[in-house]
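Please read the structure below before turning to the comments.
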């Protein structure tokens with residue numbers, strides 16, 4: 358399985374500001390994913406990020422709010438823009454392992470917006 | 126679209142007792158099914174996976190799950206609960222490269 362590092366692990370931000378979350382993998386992977394886990398809820402896929410192409414966003418998520426970069430096969434960033442208290446969530450990065458359809462997750466970024 | 130339903134948002138068991146977490150899936154094709162565990166303040170860890178091989182799947186930490194096509198179920202069990210099993214557990218189904226998660230079941234273990 359891949360080792361995935363996310364930074365920051367947690368942050369407290371003011372409304373109207375933006376936060377960029379980094380995801381670093383210890384091996385080259387084709388597909389990286391970003392999820393949101395709202396308080397007390399399950400995980401929801403925000404977008405899929407492939408190197409060299411635009412991220413693919415799920416219904417209800419837009420690039421202006423959650424811009425994603427994928428500059429190489431081991432790194433991706435997710436920015437949460439113009440934050441409001443409703444953006445307070447855990448944001449998780451995952452990657453597809455060597456076996457198809459199996460994803461491995463980072464420890465997540467715990468975001469609180471005041 | 127494929128989906129999973131977890132029955133019971135919270136399960137409380139005594140230490141040493143059986144842990145049973147229920148998951149039913151909806152899929153028009155043979156599914157890939159997973160159980161993940163999330164310990165407090167941590168990310169998700171893969172417990173086990175079903176990928177159309179053996180119907181009884183053994184995972185880490187003594188957990189296992191049985192795929193029952195006739196019941197569209199993939200329930201997770203552990204014969205004897207340990208205090209360290211206190212966590213949230215998610216059942217998930219894959220549709221291509223996308224994972225769809227259940228709502229989660231929180232397990233508490235009583236001493």
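Protein chains in written order, with the working numbering: chain A, 358 to 471; chain B, 126 to 236.
We put the CB at the ideal spot given by N, CA and C, even for glycine.
Taking CB distances under 8 Å as the criterion, tell me whether residue i reaches chain B.
{"i": "residue 425 (chain A)", "result": "no"}
{"i": "residue 399 (chain A)", "result": "yes"}
{"i": "residue 414 (chain A)", "result": "no"}
{"i": "residue 395 (chain A)", "result": "no"}
{"i": "residue 385 (chain A)", "result": "no"}
{"i": "residue 407 (chain A)", "result": "no"}
{"i": "residue 388 (chain A)", "result": "yes"}
{"i": "residue 460 (chain A)", "result": "yes"}
{"i": "residue 411 (chain A)", "result": "no"}
{"i": "residue 402 (chain A)", "result": "yes"}
{"i": "residue 463 (chain A)", "result": "yes"}
{"i": "residue 376 (chain A)", "result": "no"}
{"i": "residue 443 (chain A)", "result": "no"}
{"i": "residue 455 (chain A)", "result": "no"}
On the DSSP bridge assignment, give the partners of residue i in chain order.
{"i": "residue 194 (chain B)", "result": "BP columns for residue 194 (chain B) are empty, so no partner."}
{"i": "residue 431 (chain A)", "result": "None, per the DSSP bridge assignment."}
{"i": "residue 418 (chain A)", "result": "Its beta-bridge partners do not exist; DSSP assigns none."}
{"i": "residue 213 (chain B)", "result": "B:163, B:231"}
{"i": "residue 136 (chain B)", "result": "B:232"}
{"i": "residue 224 (chain B)", "result": "B:219"}
{"i": "residue 130 (chain B)", "result": "B:149"}
When the Cα atoms are used, what is the spatial distance from residue i to residue j?
{"i": "residue 437 (chain A)", "j": "residue 194 (chain B)", "result": "41 Å"}
{"i": "residue 169 (chain B)", "j": "residue 162 (chain B)", "result": "6 Å"}
{"i": "residue 460 (chain A)", "j": "residue 385 (chain A)", "result": "14 Å"}
{"i": "residue 143 (chain B)", "j": "residue 183 (chain B)", "result": "16 Å"}
{"i": "residue 458 (chain A)", "j": "residue 224 (chain B)", "result": "8 Å"}
{"i": "residue 449 (chain A)", "j": "residue 464 (chain A)", "result": "7 Å"}
{"i": "residue 382 (chain A)", "j": "residue 391 (chain A)", "result": "13 Å"}
{"i": "residue 174 (chain B)", "j": "residue 468 (chain A)", "result": "30 Å"}
{"i": "residue 203 (chain B)", "j": "residue 419 (chain A)", "result": "41 Å"}
{"i": "residue 365 (chain A)", "j": "residue 151 (chain B)", "result": "36 Å"}
{"i": "residue 209 (chain B)", "j": "residue 229 (chain B)", "result": "18 Å"}
{"i": "residue 368 (chain A)", "j": "residue 165 (chain B)", "result": "17 Å"}
{"i": "residue 200 (chain B)", "j": "residue 399 (chain A)", "result": "18 Å"}
{"i": "residue 410 (chain A)", "j": "residue 393 (chain A)", "result": "22 Å"}
{"i": "residue 213 (chain B)", "j": "residue 207 (chain B)", "result": "14 Å"}
{"i": "residue 374 (chain A)", "j": "residue 186 (chain B)", "result": "42 Å"}
Excluding the 5 residues preceding and the 5 following residue i in the sequence, name in chain order all residues of the same chain whose CB lies nearer than 6 Å to its CB.
{"i": "residue 426 (chain A)", "result": "434"}
{"i": "residue 132 (chain B)", "result": "147"}
{"i": "residue 370 (chain A)", "result": "376, 440, 470"}
{"i": "residue 236 (chain B)", "result": "140"}
Secondary structure at residue i, three-state DSSP: helix, strand or coil?
{"i": "residue 383 (chain A)", "result": "coil"}
{"i": "residue 185 (chain B)", "result": "helix"}
{"i": "residue 453 (chain A)", "result": "strand"}
{"i": "residue 443 (chain A)", "result": "helix"}
Can you check whether the C-beta of residue i is within less than 8 Å of a C-beta belonging to chain A?
{"i": "residue 171 (chain B)", "result": "yes"}
{"i": "residue 190 (chain B)", "result": "no"}
{"i": "residue 132 (chain B)", "result": "no"}
{"i": "residue 151 (chain B)", "result": "no"}
{"i": "residue 183 (chain B)", "result": "no"}
Enumerate in chain order the residues of its own chain whose CB-to-CB distance from residue i is below 7 Å, with the five nearest sequence positions on each side excluded.
{"i": "residue 176 (chain B)", "result": "157"}
{"i": "residue 137 (chain B)", "result": "233, 235"}
{"i": "residue 171 (chain B)", "result": "159, 161"}
Under 8 Å Cβ to Cβ from residue i, same chain only, skipping five residues before and after it: list those, please.
{"i": "residue 358 (chain A)", "result": "454, 461"}
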